[in-house]
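Contents: one structure, followed by commentary.
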Amino acid sequence: MFHYEKKLQFPVKIATPNPKLAAFIISQYGGPDGELGASMRYLSQRYAMPFAEGKGLLTDIGTEELGHMEMVAAIVHQLTRNLTDEEVRNNPTFSPYFVDHTAGVYPTAASGFPWSAASIQSTGDVIADLTEDLAADGAMA
Amino acid sequence: MLIENNGTCSTGSAAATASCPDSNGTMPSCAGLAVPYVPFQQNNPQKYSQSEALSNGTLFPGLNLPFHLAVEGSSLPNTPLAELQALEFVVLELGLYLDTHKDDTEAFHLFKQFTAMEKAARAAYESKYGPVTKQAAAAGDSYQWLSDPWPWNFAQNEVK
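Those protein sequences? They're chains A and B, same order as listed. Be aware that the first sequence starts at 1, since it is given in my numbering, and climbs by one per residue. Be aware that the second sequence starts at 1, since it is given in my numbering, and climbs by one per residue.
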């Protein structure tokens, strides 16, 4: 069960939009090691976790990752607001994203590959899962 | 020349060299090629203040591994929202810490204390800027949940 809090975990205030940067940052939202993957990874793996400490951590960190996902989405949203036609046309980095998603926030990797559960794993084996977490997230945080 | 495990240097004996074929260089006589280590976070670790914690992304200096060794954290705006976010971050970090250190009574005491502070700060914030939770929305005179700004709006951080 989850309740929404109408605020971000950390302030996001981007004065100058920058669609090129948005085209890179989007990977932290929907890329293989992005926040969507992180939250799904932890919240799915916790059912096979035999230890209370691990159940607690996977639940709490997985929940925190949902908040991270929202912050990254807010960053992308603010980087792509009030764009002019010219800013999009003359931006070969951002324009392919714009073709399908305009200034909407869509979970995709920077490469254009849409978010996929194939980039995460839940094996039912605690050691295998934690090892994957280390590879994906650098640390369990 | 070899460095023994106690840190003193001596000339390696033929026997040590024979049993430890990798004993070249300034290493303990029987050192492996690589020795990784994982320090465990001990009870009652050093902690940052709440605003330092939020801007560094961790409550614990011992867990702070700055990106590209940049020592200073990001700067926080001086707003009631950022103050509330800082308190909530401490509650969250202490919660994670307690998941693996449930018998640290001092940390549990801090957890209770910061949870109470967060609750008070949230109520003060909501009375001024509108509901953050549905529960607070239900406590108002009319349904204010839909009022701007939403968290992802640039404006939320402008006005608060």
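By construction, the Cβ of each residue, glycine as well, lies at the ideal position given by its N, Cα and C atoms. From a predicted model like this one, the values you see are computed outputs, not experimental measurements.
Cβ of residue i within 8 angstroms of any chain A Cβ
i       : result
P77(B)  : yes
A82(B)  : yes
D99(B)  : yes
V159(B) : With a pLDDT of 45 at V159(B), under the threshold of 50, the modelled position of that residue is not reliable, and the figure given next carries that caveat. Cβ-Cβ to chain A under 8 angstroms: no for V159(B).
T105(B) : no
V132(B) : yes
L59(B)  : no
L92(B)  : yes
Y143(B) : no
DSSP bridge partner residues for residue i (one or two, in chain order)
i       : result
P114(A) : T108(A)
heavy atom of the ligand FAD below 7 angstroms from residue i C-beta
i      : result
E87(A) : Within the structure as shown, the ligand FAD is missing, as the structure has no ligands at all.
Pair within 8 angstroms by beta-carbon distance, residue i and residue j
i       : j       : result
I37(A)  : I127(A) : For the sequence presented, residue 37(A) should be read as Gly rather than Ile. No, they are not a contact pair.
E52(B)  : E88(B)  : no
L96(B)  : I61(A)  : yes
A74(A)  : P151(B) : yes
Y143(B) : A137(B) : yes
L79(A)  : I25(A)  : yes
Y106(A) : G54(A)  : no
E133(B) : E5(A)   : The sequence shown places Thr at residue 133(B), not Glu. Yes, the pair counts as a contact, with Cβ atoms nearer than the cut-off.
V72(A)  : Q28(A)  : yes
Proximity test, Cβ basis, 8 angstroms: residue i and chain E
i      : result
F40(B) : Absent here is chain E; the protein component of the structure consists of chains A and B.
Cross-chain neighbours of residue i in chain A, by beta carbon under 9 angstroms
i      : result
Q85(B) : K7, L8, Q9, F10, P11
G95(B) : G56, D60
Beta-carbon contacts of residue i that lie in its chain and below 6 angstroms, excluding the five residues immediately before and after
i      : result
A23(A) : T93, F94, Y97
F68(A) : The sequence shown places His at residue 68(A), rather than the Phe named in the question. Answer for H68(A): E35, listed in chain order.
Beta carbon proximity, residue i to chain B, threshold 8 angstroms
i       : result
R81(A)  : yes
A103(A) : no
E53(A)  : yes
E87(A)  : no
E35(A)  : no
H68(A)  : no
E65(A)  : no
Neighbouring residues, chain B, relative to residue i (Cβ below 8 angstroms)
i      : result
I14(A) : F154
Per-residue contacts from residue i into chain B (C-beta, under 7 angstroms)
i      : result
H77(A) : W152
A74(A) : P151, W152
Proximal residues to residue i (C-beta, below 7 angstroms), its chain only, five neighbours per side dropped
i       : result
E87(A)  : P19
Q45(A)  : L58, S122, D129
V90(B)  : Q50, A53, L59, F114
N43(B)  : H101, D104
F108(B) : L98
Under 8 angstroms by beta carbon: chain A residues contacting residue i
i      : result
L54(B) : F10
Proximal residues to residue i (C-beta, below 8 angstroms), its chain only, five neighbours per side dropped
i     : result
F2(A) : T63, L66
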